[in-house]
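A.B. asks: Mapped onto the numbering used here, the consecutive letters of the sequence shown carry residue numbers 73 to 159.
Note that beta-carbon positions come from the ideal geometry of N, C-alpha and C, so glycine has one too.
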Amino acid sequence: ASGLPVLANNLGAMASVVKPLGERWLVPATDTTNVDPWIDALTRLSDSSAIGAASAQARAAYEASYTPEANLTALTGAYQRARGTAT
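1) Going by DSSP, what residue range makes up the alpha helix (DSSP H) through G84?
2) Using 8 Å as the threshold, is the C-beta distance between I123 and L117 below it?
3) Give the DSSP bridge partners of N81, in chain order.
4) Using 8 Å for Cβ pairs, my map puts S127 next to P77. What's the rounded Cβ distance?
5) From what residue to what residue does the alpha helix (DSSP H) around T139 run?
Laid out in structure tokens, this is it:
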């Protein structure tokens, strides 16, 4: 909610949240003993212009999909579809 980009593994739920910011914020889930992909990804965090752009994207994604209001709308829609009363 603070609008800051994060690094995430490219598998699982976090990957689907982070992927809209771009592949550069995802770290391949490869050999767990190889930390090089994470080191490369962490170096990207020193690029202030990339951080600024991704921060704006992260904030916009939060406001579009993850606010309490957005979640209430999604949940209400899911219940309506389940009941067959969706509009």
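C.D. replies: Well, looking at it:
1) Here residue 84 refers to the residue found at position 12 when the sequence shown is read from its first residue. First-last of the alpha helix (DSSP H) with G84: G84 to V90.
2) Position 51 of the sequence shown, counting from 1, holds the residue named residue 123. Position 45 of the sequence shown, counting from 1, holds the residue named residue 117. Taking 8 Å as the Cβ cut-off, I123 and L117 qualify as a contacting pair.
3) Within the sequence shown, residue 81 is the residue found at index 9, counting from 1. The partner list for N81 (beta bridge, DSSP) reads V99.
4) By 1-based counting over the sequence shown, the position of residue 127 is 55. By 1-based counting over the sequence shown, the position of residue 77 is 5. 6 Å between Cβ atoms; contact.
5) What you label residue 139 is simply residue 67 of the sequence shown in a count that begins at 1. It is not in any alpha helix (DSSP H) - T139 carries neither H nor E in the DSSP assignment.
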